[in-house]
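Visitor: Going by the numbering used here, the first residue of the sequence shown is number 686, and it counts up by one from there. Would you mind keeping the following structure in view while I ask a few things?
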Amino acid sequence: MHEEQKPELEQTLDQIETLAKSHETREGASSWECVLRSRQQGRPGAKLFIDLICDSFMEMHGDRLYGDDPAMIGGVGLVEGRAITFIGNRKGANLKENVLCNYGMSNPEGYRKALRLAKQAEKFGRPIVCFIDTPGAYPGLGAEERGIGEAIAQNLKVFSTLKTPILCFIIGEGGSGGALGIGVGDKLYMLEHAVYSVITPEGFASILLRDPSKAKEAAEAMKMTSYHLKEFSVIHDIIAEGSAQETAMRIKQTILRDLDVLCSKPAEHLVRYRIKKIRGIGEVSGGKEWWQPLLEVFKKTQSLN
């Protein structure tokens with residue numbers, strides 16, 4: 686970087702910090718603190734929530750095309766007598782499970798397994814509940830060769846038109862296309878300290894700010910917390926976090942309440958509302974006011990090339 690460009694970059698970073706301070710979460714936790722909390726090793730994951738919510742659960746394996754992906758859990762559970770198909774990203778509860786589950790980064794067979802279970806749910810009239818907790822889909826060579834992009838795109842297409850209720854919960858990290866692959870539904874909720882974004886703060890800092898050490902500042906500028914996204918109407922509501930049992934019970938109450946309403950609606954109505962909701966993402970009142978400072982940051986950063 687040229688010496689004369691450094692003051693301009695410093696000014697850009699100061700703008701990001703100012704923007705960040707004006708938009709801390711309601712509980713006082715910064716966006717970066719939410720990122721760290723969403724990645725905590727001991728944070729409850731999809732498997733634990735399924736076990737706490739369901740009276741019984743039968744896990745299903747394989748995509749019937751290539752193999753099974755332990756990073757994507759799926760099966761049928763009974764919740765107060767109601768059969769529900771559960772699908773979720775699985776990171777693992779310890780280092781050994783983290784490695785086995787690829788730290789929650791699914792391969793194509795994981796998304797195709799989710800699609801198989803979703804179609805099965807539609808066939809048998811079961812609602813679907815998805816738990817999202819992934820830094821993103823696996824970007825490795827094997828995943829690319831087996832069509833990770835096509836698998837996620839196919840899920841977006843099919844989930845949008847499934848004639849059965851779908852509820853989605855972001856319980857940790859909601860990263861990029863990996864989160865979208867099982868994130869299309871009638872209602873989208875976030876846990877209080879979860880995050881949801883198109884890229885990680887580290888990726889944002891590396892690509893746009895050209896400095897990986899600026900990940901904290903990037904997180905503050907990205908508006909990736911539950912409170913920001915609730916304000917933008919990207920999500921329906923925020924679920925307060927407590928102990929694993931308390932949080933699971935709040936999720937369970939939300940599931941039962943919403944399914945009582947959604948299951949009474951005609952399938953065509955669900956699909957029509959779902960597509961309208963998806964197309965409406967980003968159409969927020971005051972959008973120019975919210976995004977203008979960040980847009981200026983992008984413009985100034987690009988001008989430093």
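C-beta: ideal position from N, C-alpha, C; glycine also. The model shown is predicted, which means the values in this text are computed figures rather than measured ones.
So, with DSSP's three-state summary, where would you put I854?
Guide: A small correction: the amino acid at residue 854 is Phe; Ile does not occupy that position in the sequence shown. Strand at F854.
Visitor: Going by beta-carbon coordinates alone, are R831 and N792 separated by less than 8 angstroms?
Guide: Contact: yes.
Visitor: Tell me whether the beta-carbon of S882 lies closer than 8 angstroms to the beta-carbon of M909.
Guide: Yes, the Cβ-Cβ distance between S882 and M909 is below 8 angstroms.
Visitor: How long is the line joining the alpha carbons of T939 and P812, rounded to whole angstroms?
Guide: Cα to Cα, T939 sits roughly 14 angstroms from P812.
Visitor: Buried or exposed: where does E877 fall if 16 or more other Cβ atoms within 10 Å of its Cβ makes it buried?
Guide: Buried.
Visitor: Using beta-carbon positions only, say whether G862 and I892 come within less than 8 angstroms of one another.
Guide: Contact flag unset, no.
Visitor: Taking Cβ to Cβ, would you say D871 is nearer than 8 angstroms to P897?
Guide: No, the Cβ-Cβ distance between D871 and P897 is not below 8 angstroms.
Visitor: Where does R797 sit, in a helix, a strand or coil, going by DSSP?
Guide: Helix at R797.
Visitor: Give the single residue among L873, R942 and G866 whose Cα lies nearest to the Cα of F663.
Guide: Because the chain spans 686 through 990 in this model, residue 663 falls outside it and cannot be assessed.
Visitor: Apply the 10 Å Cβ neighbour rule to Y958 and answer buried if 16 or more other Cβ atoms are within range, or exposed otherwise.
Guide: Under this definition Y958 is an exposed residue.
Visitor: Could you tell me whether the Cβ atoms of D818 and K781 are closer together than 8 angstroms?
Guide: No.
Visitor: Can you give the Cα-Cα distance for S845 and G727, rounded to whole angstroms?
Guide: Cα to Cα, S845 sits roughly 33 angstroms from G727.
Visitor: Pull up the CB-CB distance for I758 and A731, whole angstroms please, since I reckon it's below 8 angstroms.
Guide: 6 angstroms between Cβ atoms; contact.
Visitor: Do you know how far the Cα of A822 is from the Cα of I923?
Guide: Near 24 angstroms, if we compare the C-alpha coordinates of A822 and I923.
Visitor: Would you identify the three-state DSSP class for F809, choosing helix, strand or coil?
Guide: In the structure shown, F809 sits in coil (DSSP, three-state: anything other than H, G, I, E or B).
Visitor: Could you give the DSSP three-state label for F917: helix, strand or coil?
Guide: DSSP places F917 in coil when its eight states are reduced to three.
Visitor: How would you label C739, buried or exposed, when you count the other beta carbons within 10 angstroms and need 16 or more for buried?
Guide: The residue is buried, with at least 16 neighbouring Cβ atoms inside 10 Å.
Visitor: Determine the burial state of C786: buried for a count of at least 16 other Cβ atoms within 10 Å of its Cβ, exposed for fewer.
Guide: By the neighbour-count rule (16 or more Cβ atoms within 10 Å), C786 is buried.
Visitor: Would you list the residues sitting across from V956 in a DSSP beta bridge?
Guide: None; V956 has no bridge partner.
Visitor: Check the C-beta distance from K842 over to L955 and give it rounded, since I have them as a contact under 8 angstroms.
Guide: Not confirmed; about 16 angstroms, so no contact.
Visitor: My parser needs the beta strand (DSSP E) runs of 3 or more residues fully inside the region 809 to 895; what are they?
Guide: Entirely contained in the region 809 to 895, the beta strand (DSSP E) runs reaching 3 residues are, in chain order, 813 to 819, 851 to 860, 872 to 876 and 880 to 882.
Visitor: Rounding to the nearest angstrom, what Cα-Cα distance links A900 and M790 in this structure?
Guide: Going by the C-alpha atoms only, they are around 21 angstroms apart.
Visitor: Go through its chain and collect everything with a Cβ distance to G747's Cβ below 7 angstroms, but skip five positions before and after it.
Guide: These residues qualify, in order along the chain: D753 and K798.
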